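Taking the working numbering, the leading residue of the sequence shown gets 16, the next gets one more, and so forth.
Virtual Cβ for every residue (Gly too), placed ideally from N, Cα, C.
Note that the coordinates shown come from a computational prediction; the quantities given were computed from them, not determined experimentally.
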Amino acid sequence: MFTPFEKLKKSLAKTKDNLLGKISRVVMRRKIDDDLLDEIEEILIEADVGVKATQRLIESVKEKARERKLTEGEDVMALLKEEISAILSPEESQTDGPDDAKPIIWMIIGVNGVGKTTTIGKLATYYAGEGEKVIIGACDTFRAAAVEQVAIWAERSGVDIILSQKGADPAAVAFDAASAARARKADRLLLDTAGRLHTKTNLMEELKKIKRVVLKAAPGATVYSKLIIDGTTGQNALSQVKIFTDAVGCDGIIITKLDGTAKGGVIIGIAEELGVPVDFIGLGEQVDDLQRFNPHEFAEALFA
């Protein structure tokens, strides 16, 4: 049985090898110079860290090496760890605030196939375990399987669910769910939304409508848009974040499937490029494989 940190280390093994394994091999018995930094830059880009984050990392290594009079290639690892940890620790995280008005409503958004419905079930289990009264709203009415799946999770988690027939208006379900959350004095409402491809403008309009009706049904409630992305998609995840953010905002990200990918470096790119905090990370199929994201532990596990 792994501790959460051991599980994190194990899950990041492929990302670590793809990113830091390659860097640790090129810095051995070398001096810090432009040629070495160019090689490191190439590795970072290939590991889905993104252009903006890579430029920040390289500039930081140059500057700190000069300030601290470091010349050995091996010194680069500690400098990278320091800066990656800084990138992953935005000053203000939007997960929840102590003054948030109840119910706290999480609109869970994202394209199909990223593990949205399963993650909602795990979130319901997590927050119910924290002593919260949780309700799930099954607003993905286009897929009967999604409604059935989330209903199973609700039963397993011991939480209420508001659902409708296949093909019902998703916004109407969202309105009923928000009204129920308010009437039942729920702490948290998790809304499962449709996730057809992010190139479809009608999906974005539908998400905007859901957000509007939720605020009508529960005026004064705290509404967050939480985007779920698949950690195996690399740089494509960045474009998804941008598109959903433009439509309904994005107050936080949940990254799934990090246990099976070498592309986990995309977390660094998202944090730097978009300044959106990561709330949870998915490290496997089990219900407790959804972990709250801790930037310092992530950096420690990556460099361990």
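Could you tell me the distance, in whole angstroms, from the CA atom of residue i to the CA atom of residue j?
| i | j | result |
| --- | --- | --- |
| valine 149 | valine 256 | 26 Å |
| isoleucine 124 | leucine 230 | 17 Å |
| alanine 236 | glutamate 163 | 27 Å |
| leucine 178 | glutamate 170 | 13 Å |
| glutamate 145 | glutamate 315 | 26 Å |
| phenylalanine 20 | isoleucine 120 | 29 Å |
| valine 265 | leucine 222 | First, the residue type needs correcting, since residue 265 is cysteine and not valine in the sequence shown. The straight-line gap from Cα to Cα measures roughly 12 Å. |
| methionine 92 | isoleucine 151 | 44 Å |
| isoleucine 176 | valine 302 | 18 Å |
| alanine 189 | arginine 307 | 26 Å |
| alanine 187 | arginine 227 | 11 Å |
| glycine 136 | glycine 130 | 10 Å |
| lysine 67 | lysine 200 | 44 Å |
Compare the beta carbon distance of residue i and residue j with 8 Å and say whether it is the shorter of the two.
| i | j | result |
| --- | --- | --- |
| leucine 103 | isoleucine 73 | no |
| valine 41 | glutamate 61 | no |
| alanine 183 | valine 165 | no |
| tyrosine 141 | leucine 305 | yes |
| proline 185 | alanine 161 | no |
| glycine 280 | threonine 30 | yes |
| glycine 299 | isoleucine 270 | no |
| tryptophan 168 | alanine 139 | yes |
| methionine 122 | isoleucine 225 | yes |
| proline 310 | alanine 233 | no |
| leucine 317 | leucine 27 | yes |
Find the nearest neighbour of residue i within the set the options, judged by alpha-carbon distance.
| i | options | result |
| --- | --- | --- |
| lysine 181 | Tyr141, Ala159, Leu253 | Ala159 |
| aspartate 114 | Ala153, Ala161, Val238, Lys224 | Val238 |
| aspartate 202 | Ser194, Thr208, Phe157 | Ser194 |
| alanine 116 | Arg197, Leu305, Lys272 | Arg197 |
| phenylalanine 313 | Val126, Ile47, Ala101 | Ala101 |
| glycine 128 | Glu287, Asn309, Thr248, Val281 | Thr248 |
| glutamate 98 | Ile283, Asp261, Lys46, Arg307 | Ile283 |
| leucine 242 | Leu206, Thr30, Phe157, Ile167 | Leu206 |
| alanine 24 | Thr276, Thr156, Arg83, Gly290 | Residue identity check: residue 24 is lysine in the sequence provided, not alanine. Answer by Cα proximity: Thr276. |
| glycine 267 | Phe259, Leu273, Asp274 | Phe259 |
Using a Cβ-Cβ cut-off of 8 Å, state whether residue i counts as contacting chain C.
| i | result |
| --- | --- |
| isoleucine 38 | The structure shown has no chain C; it contains just one protein chain. |
Under 7 Å from any heavy atom of the ligand SAH, does the C-beta of residue i make it?
| i | result |
| --- | --- |
| phenylalanine 259 | By its list of ligands, the structure shown contains no ligand whatsoever, and the ligand SAH lies outside what it can speak to. |
Check your understanding: What are the uninterrupted segments assigned as beta strand (DSSP E) that are 3 or more residues long and contained completely in the segment 286 to 316, given in chain order?
Key -> 293 to 297, 305 to 307
Practice item. Count the C-beta pairs between the segment 78 to 88 and the segment 287 to 305 that are closer than 8 Å, then say yes if the count reaches three, no if not. Key: No: the two stretches stay apart, fewer than three of their Cβ pairs being nearer than 8 Å.
Check your understanding: Can you list the alpha helix (DSSP H) stretches of 4 or more residues lying completely in the segment 75 to 104, in chain order?
Key -> 90 to 102
Review point. Enumerated in chain order, which unbroken segments of the beta strand (DSSP E) with a length of 3 residues or greater are wholly contained in the segment 151 to 227?
Key: Listed in chain order, they are 175 to 177, 203 to 207.
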